[in-house]
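Residue numbers for the sequence shown follow my numbering, beginning at 352 and rising by one. Note that CB positions come from ideal geometry on N, CA and C, so glycine has one too. These notes are about the structure you will find just below.
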Amino acid sequence: MDGEIPRQPAMALLGCGVFARDAYIPILQALQGTHITLRFVWSRSQAAAQDMVQRVRGFAPDVEARWGEAGLEHILASPLVQCCAVVLPILSQPGIVMRALRAGKHVLQEKPVAGSVEVGLQTMHSYQALQQDLLEEEEEATASASPSPPIWAVAENYRFEPAFDEAGKLVRSLGTMVAVSVSIEVPMTKSNKYFDCEWRRDPSLKGAFILDCGVHFVAGLRVMTGCDIKLVTAIATHRDPTVPAPDTLTTLIRFDNGCSGTMVITYASSVSKACWRVVCSRGTVVVERGVREGKFGYVVTLRPREEGGYQQQQPSSSQFFPFSGLEEEWRAFVADVVHRSRSSSNSGRRSADLRSSPREALKDLAIVEAALASGLHADAPVSVKPASIL
Numbered sequence: 352m353d354g355e356i357p358r359q360p361a362m363a364l365l366g367c368g369v370f371a372r373d374a375y376i377p378i379l380q381a382l383q384g385t386h387i388t389l390r391f392v393w394s395r396s397q398a399a400a401q402d403m404v405q406r407v408r409g410f411a412p413d414v415e416a417r418w419g420e421a422g423l424e425h426i427l428a429s430p431l432v433q434c435c436a437v438v439l440p441i442l443s444q445p446g447i448v449m450r451a452l453r454a455g456k457h458v459l460q461e462k463p464v465a466g467s468v469e470v471g472l473q474t475m476h477s478y479q480a481l482q483q484d485l486l487e488e489e490e491e492a493t494a495s496a497s498p499s500p501p502i503w504a505v506a507e508n509y510r511f512e513p514a515f516d517e518a519g520k521l522v523r524s525l526g527t528m529v530a531v532s533v534s535i536e537v538p539m540t541k542s543n544k545y546f547d548c549e550w551r552r553d554p555s556l557k558g559a560f561i562l563d564c565g566v567h568f569v570a571g572l573r574v575m576t577g578c579d580i581k582l583v584t585a586i587a588t589h590r591d592p593t594v595p596a597p598d599t600l601t602t603l604i605r606f607d608n609g610c611s612g613t614m615v616i617t618y619a620s621s622v623s624k625a626c627w628r629v630v631c632s633r634g635t636v637v638v639e640r641g642v643r644e645g646k647f648g649y650v651v652t653l654r655p656r657e658e659g660g661y662q663q664q665q666p667s668s669s670q671f672f673p674f675s676g677l678e679e680e681w682r683a684f685v686a687d688v689v690h691r692s693r694s695s696s697n698s699g700r701r702s703a704d705l706r707s708s709p710r711e712a713l714k715d716l717a718i719v720e721a722a723l724a725s726g727l728h729a730d731a732p733v734s735v736k737p738a739s740i741l
């Protein structure tokens, strides 16, 4: 169906798995028509693509299904498509992402940025080379005739959650960081919709669920503390035979400001918990996942410093923030795409939202990878690398 390019950016959804179905469809529906237009859905299999079309046709009547290599080539060659949302198995994403970028499509890909720092760096270097080539072409051509470097964003919704922003402001107001602790407990049982996910159990994916989701927990911690992690020492264990190894990672961490802390992530627990705690010289800030009035979100609690002992402790204050990071990261990406499409020259283009930058995502991955390397090998201290990322 050829024709004029729609006013709103036209998008292709590359990937039709559980997360795309349950997390992306509501967001696409909320943004459809006023912000973006869903034009294609793609999957490796015909059945998955056609099933997704049936799920989205109610709010995207012109959407088409494509599948396999031929379907992907059709989408990437289509002038109707300005951007792609890539939500595929971790090990498959980098290659698809670069193909879309080279085709001139703006890309929002799911985290993590890659299955390893090495692959992530290779992809980032390829992207930088592509940007440089396009900028050189632009200098030699008129602005109207030159291609614009496409945006590459990594969807890390924890960096967009208002709860972590608020917690970060509180931490900065409380003096010196003294100690940090993170506790993540996830029951990965058969009732969990991701339990049977094949690619998360692929032996080629080193770290399994911890690599996949650990970047989330690190991203939240980095926003909350405003610091990077320089050194980790970890112990990795396997406690639940039904979950791929390792299912538990206990990490001692050292921040670049000299503070130390601990982070425990387990997918072998019997109850759910997600808690980030930063102790400062003038008080403590806690972010904990919870439910209020039927809404899931985070409770941010400020516990002031005790003056004169426990009996004179100042009352704590707390605020609830419903989950909103997923939608906010999408809105930021679409806003960047719209701005890029309307800007006629490089000088008039603003930078894409740094919270979604591949560099930030690569930092998250480097920390998790270093912890896994320490825990899976010698339980020895491992510097977060490469230093050039940080």
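Whole angstroms are fine: how far does the CA of residue j sit from the CA of residue i?
i	j	result
E678	E461	13 Å
V533	V505	23 Å
L442	D553	10 Å
I378	Q359	15 Å
A436	V407	15 Å
G384	E711	30 Å
V735	A722	8 Å
I586	H386	46 Å
Q662	V615	Reliability fails at Q662, whose pLDDT of 49 lies under 50, so the model's placement of it is uncertain and the value that follows must be treated cautiously. Spanning the two alpha carbons is a distance of roughly 32 Å.
W627	Y509	12 Å
W717	V468	Rather than Trp, the amino acid found at residue 717 in this sequence is Ala. If you take the alpha carbons of A717 and V468, they lie about 6 Å apart.
C548	V531	32 Å
Name, in chain order, the residues that DSSP records as bridge partners for residue i.
i	result
C435	A363 and V458
A416	V392
I441	I441 pairs with nothing; no bridge assigned.
A506	E461
Q670	V651
E639	C626 and V650
A619	P538
L582	R605 and S734
How about residue i: is its C-beta nearer than 7 Å to some C-beta of chain D?
i	result
Y375	In summary, chain D is missing from the structure at hand, where a single protein chain is found.
Quick one: what's got a C-beta closer than 6 Å to residue i's C-beta in the same chain, skipping five residues either side?
i	result
G366	V438 and L439
A518	M575, V636, V638 and V651
S611	R605
R320	Lying before the first or after the last residue shown, residue 320 is absent from the chain, which here runs from 352 to 741.
D607	C578, D579 and K581
Q380	F410
Excluding five sequence neighbours on each side, which residues of the same chain lie with their C-beta closer than 8 Å to the C-beta of residue i?
i	result
K781	In the structure as shown, the chain starts at 352 and stops at 741, and residue 781 therefore has no counterpart that could be examined.
A731	T584 and S725
A400	C367, V392, W393, S394, A416, R417, W418 and G422
Determine the burial state of residue i: buried for a count of at least 16 other Cβ atoms within 10 Å of its Cβ, exposed for fewer.
i	result
P412	exposed
G409	exposed
D715	buried
D563	buried
G446	exposed
Excluding the five sequence neighbours on either side, which residues of its own chain have a C-beta within less than 7 Å of the C-beta of residue i, listed in chain order?
i	result
H589	A596, P597 and D598
K646	P673
A570	E507, Y509, R510 and D715
Does the region 517–528 come within contact of the region 570–580, defined as at least 3 CB pairs closer than 8 Å?
Short answer: they touch.
If we count Cβ pairs, one from each stretch, closer than 8 Å, do we get three or more for the region 389–398 versus the region 407–423?
As far as the Cβ criterion goes, the region 389–398 touches the region 407–423, which means the pair count is three or higher.
Sufficient close CB pairs (3 or more, under 8 Å) joining the region 588–606 to the region 551–570:
Yes, since at least three Cβ pairs between the region 588–606 and the region 551–570 fall closer than 8 Å, the two stretches touch.
Tell me, please, whether the region 499–518 touches the region 702–715 by the rule of three or more beta-carbon pairs shorter than 8 Å.
Judged by Cβ distances under 8 Å, the region 499–518 makes contact with the region 702–715, as three or more pairs qualify.
So, does the region 471–478 touch the region 665–676, judging by three or more C-beta pairs under 8 Å?
Verdict: no, contact absent.
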